[in-house]
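S.K.:
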Amino acid sequence: MDRIQTVRNARIRGANVPVDLILSPDGRIERVEPASGRATGPAEIDAGGMLVMPSFIDSHLHLDLAYSLDLVPPNESGTLAEAIRHWERVKRELTPDNVCQRAIRAIREEVSFGTGFIRTHVDVGTSAGLRLCEGVLAAREQTRDLVDIQVVAFPQDGILQDPGVLDVMREALRMGCDLVGGIAHNERTDDDSRQHIDLLFDLAEEFDRDIDCHIDETDDPYSRCTEVLAARTVERGWKGRVTASHVCALAGYDNVHAAKVIRLLAAAEVNVVTNPGVNLHLQGRFDRYPKRRGLTRVRELLAAGVNVSAGQDCIRDPFYPLGTGSLLEVGHLLIHADHLSTASQIENVGDIITTNAARTLRLSEYGLEPGCWADLVVLPVNSMHEAFRTRPAPPAVLKRGVRVSR
Ligand code: FE2
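Numbering (our numbering), first residue to last: 3 to 408.
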């Protein structure tokens, strides 16, 4: 893999003229200057007026599940509940090595599409034990030169429904998981869901970690976990450290209640992650026609000042048979699913898969300013609008100044 010293003739968002990005030997952006000529030598990339972006960020993925579709029986109902049931049986037999190999395949695909950062959830519990976690942590180690990965200890089967899971989560955090995960709606009663959320904060306090919780991933308009998560975030002093993933039920609330929940999320500085492909696919399964779209209220959240990013979630697994790891594809789906149609709305989806996601992952030194890591993707287009329209393969992807994909 080649270390790059200069990216020449780059089009960057917000600049009227092409620029040269001068990189330092340790892989940071040292200077950004008006373009001064053509590239010379192997340590330079000539972007030729192509768009250069900071690496894409996949803020919600399940690496332990990736490419597991052929290991499970078909999901006949297409529902989340049936997928969890099939996965529950299969995961008891998986080895860390099997998980690691599949995860590495998914990571390499993501990198080839320009992803430089991934937040993955990994199933830990009394069925999965720590084997899936071991596999994903090994995959992270083997690909650390390609991508930065945050791992969330995710109690897929619930907490109150899976007695003993908290000790498994504690061990996962000691082994190297970064965040406390949750699945608050996957409990038997509303009281249990509220208790689930309290237990997440207890664990987050015990280990001083951020929280990323699957929450209200259902069409049920009476699934009301998100407001509890937002309220507890303020009460427990965890503002800015909590992510609510999916939040599909918000779309089903009446508008008055939705407005209240959105205000609570904004005040608590809770990040929201939507997963357009998977939400479109798994939600609305109890509808005949018309079928709802299943996504959370992205535009209303953004308008209220809530930080929203988007993720791939699943790649060819029991929950979702498609998925490539391309954040351009994720953005393309989001544009359709949430009726984002003006030029500025489409351009802003470029932020959803970059700077908004960087805020969710609490990344520092991310972007195109001097001092940031040279984590870059070159795209053969002149705008994010064209990138989403054509979804081209990137001619070059850089990680800390080193070319990791071409
Ligand atoms: Fe998920």
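Glycine included, each C-beta is placed from N, C-alpha and C at the ideal position.
1) Please report the straight-line C-alpha distance between Ala83 and Ala68, rounded to a whole angstrom.
2) At a threshold of 7 angstroms, does Asp315 count as lining the ligand NAD (C-beta to nearest heavy atom)?
3) Can you look up Pro56 in the DSSP assignment and give me helix, strand or coil?
4) Buried or exposed: Gly373, going by 16 or more other Cβ atoms within 10 Å of its Cβ?
5) Please classify Lys262: does DSSP put it in a helix, a strand, or coil?
6) When you measure from the CB of Ser247 to every non-hydrogen atom of the ligand FE2, does any distance come out below 7 angstroms?
7) Can you tell me whether DSSP reads Phe1 as helix, strand or coil?
8) Name the one or two DSSP bridge partners that Gln158 has.
9) So the beta strand (DSSP E) Phe119 belongs to, where does it begin and stop?
10) Give me whichever residues DSSP pairs with Thr128 in a beta bridge.
11) Got a sec, what are the start and stop residues for the beta strand (DSSP E) Ile317 sits in?
12) Taking Asp289 and Ala251 to be in contact with their CB atoms under 8 angstroms, please state how far apart those CB atoms are, rounded to whole angstroms.
13) If you drop the 5 nearest sequence neighbours on each side, which residues of the same chain put their C-beta closer than 7 angstroms to that of Gly166?
14) Under a three-way DSSP split, which group does Ile106 fall into?
15) Below 8 angstroms between beta carbons: does that hold for Ser225 and His283?
16) Can you give the Cα-Cα distance for Glu1 and Ile161, rounded to whole angstroms?
17) Any contact of the stretch 234-254 with the stretch 264-278, i.e. 3+ C-beta pairs under 8 angstroms?
18) Run through DSSP, which three-state label would Leu329 get?
19) From the DSSP secondary-structure annotation, give me the bridge partner or partners of Gln152.
20) Can we count His64 as close to the ligand FE2, meaning its CB is less than 7 angstroms from some heavy atom?
21) Between the stretch 36-50 and the stretch 293-301, are three or more C-beta pairs nearer than 8 angstroms?
22) Please work out which residues of its chain come closer than 7 angstroms, Cβ to Cβ, to Ala331, disregarding the five sequence neighbours upstream and downstream, and give them in chain order.
23) Give the secondary structure of Trp375 by DSSP, where H, G and I count as helix, E and B as strand, and everything else as coil.
24) State the start and end residues of the unbroken alpha helix (DSSP H) segment that holds Asp340.
25) Report back the beta-carbon spacing between Asp66 and Thr117 to the nearest angstrom; my notes put them in contact at under 8 angstroms.
26) Cα-Cα, which of Leu363, Glu229, Ala246 is closest to Ile120?
27) May I ask you to report which of helix, strand or coil DSSP gives Ile6?
28) Beta strand (DSSP E) containing Lys401: first to last residue?
29) Express the C-alpha separation of Glu388 and Val113 in angstroms, rounding to a whole number.
30) If you draw a straight line from the alpha carbon of Glu173 to that of Arg30, how long is it in whole angstroms?
31) Check whether the stretch 335-352 and the stretch 17-31 are in contact - that is, three or more C-beta pairs closer than 8 angstroms.
M.R.: The short version:
1) Here the question's residue 83 lines up with position 81 in the sequence shown. Here the question's residue 68 lines up with position 66 in the sequence shown. Computed Cα separation, rounded: 18 angstroms.
2) Of the ligands one can find in the structure shown, namely the ligand FE2, none is the ligand NAD.
3) By one-based count along the sequence shown, residue 56 stands at place 54. Strand.
4) Taking the sequence shown and counting its residues from 1, one reaches residue 373 at position 371. Counting other Cβ atoms within 10 Å of its Cβ, Gly373 stays below 16 and is therefore classed as exposed.
5) On the sequence shown, position 260 is the one that residue 262 refers to. It is helical.
6) In the sequence shown, residue 247 corresponds to position 245, counting from 1. Flag set: Cβ of Ser247 near the ligand FE2.
7) Examination of residue 1 is not possible in this model, given that the chain is present from 3 through 408 alone.
8) Sequence index remark: in the sequence shown, residue 158 carries index 156 (1-based). According to DSSP, which records beta bridges pairwise, Gln158 is partnered with nothing at all.
9) Counted from its first residue, the sequence shown places residue 119 at position 117. Taken as a continuous stretch (DSSP letters only), the beta strand (DSSP E) holding Phe119 covers 117-125.
10) Locating residue 128 in the sequence shown gives position 126, where the first residue counts as 1. Under DSSP, no beta-bridge partner is assigned to Thr128.
11) Sequence index remark: in the sequence shown, residue 317 carries index 315 (1-based). Neither: Ile317 is in no beta strand (DSSP E) and is coded neither H nor E.
12) Along the sequence shown, read from residue 1 onward, the residue named residue 289 stands at position 287. Along the sequence shown, read from residue 1 onward, the residue named residue 251 stands at position 249. The pair is not a contact, with the Cβ atoms about 14 angstroms apart (cut-off 8 angstroms).
13) Counting from 1 along the sequence shown, the entry for residue 166 is found at position 164. Correct list, in chain order: Thr128.
14) Along the sequence shown, one-based indexing puts residue 106 at 104. It is helical.
15) For the purposes of this step, residue 225 is identified with residue 223 of the sequence shown, where counting begins at 1. For the purposes of this step, residue 283 is identified with residue 281 of the sequence shown, where counting begins at 1. No, the Cβ-Cβ distance between Ser225 and His283 is not below 8 angstroms.
16) What is shown of the chain runs 3 to 408, which leaves residue 1 out entirely.
17) Put simply, the stretch 234-254 touches the stretch 264-278. At least three CB pairs are less than 8 angstroms apart.
18) On the sequence shown, residue 329 is found 327 positions in, with the first residue counted as 1. DSSP places Leu329 in the helix class (H, G or I) of the three-state scheme.
19) Along the sequence shown, read from residue 1 onward, the residue named residue 152 stands at position 150. Under DSSP, the beta-bridge partners assigned to Gln152 are Arg121.
20) The residue given as residue 64 occupies position 62 in the sequence shown. At a cut-off of 7 angstroms, the beta-carbon of His64 counts as near the ligand FE2: some heavy atom of the ligand is closer than that.
21) With the cut-off at 8 angstroms, the stretch 36-50 and the stretch 293-301 do not touch.
22) Along the sequence shown, one-based indexing puts residue 331 at 329. Here residue 331 is Glu; the residue named in the question, Ala, does not match the sequence. Counting only Cβ-Cβ distances below 7 angstroms, and skipping sequence neighbours, we find Arg393.
23) Numbered from 1 along the sequence shown, position 373 holds the residue referred to as residue 375. Trp375: strand per DSSP, three-state reduction.
24) By one-based count along the sequence shown, residue 340 stands at place 338. For Asp340, there is no enclosing alpha helix (DSSP H), as DSSP gives it neither H nor E.
25) Numbered from 1 along the sequence shown, position 64 holds the residue referred to as residue 66. Numbered from 1 along the sequence shown, position 115 holds the residue referred to as residue 117. Not confirmed; about 17 angstroms, so no contact.
26) To locate residue 120, count along the sequence shown from 1; it is residue 118. Closest in alpha carbon position to Ile120, among Leu363, Glu229, Ala246, is Leu363.
27) Taking the first residue of the sequence shown as 1, we reach residue 6 at position 4. Three-state DSSP puts Ile6 in coil, outside helix and strand.
28) The residue you call residue 401 lines up with position 399 of the sequence shown. 398-401 is the span of the beta strand (DSSP E), which, as asked, contains Lys401.
29) One-based indexing of the sequence shown puts residue 113 at position 111. One-based indexing of the sequence shown puts residue 388 at position 386. Rounded to the nearest angstrom, the two C-alpha atoms are 20 angstroms apart.
30) Within the sequence shown, the letter at position 171 stands for residue 173. Within the sequence shown, the letter at position 28 stands for residue 30. One alpha carbon belongs to Glu173, the other to Arg30, and they sit about 35 angstroms apart.
31) No: fewer than three Cβ pairs fall under 8 angstroms.
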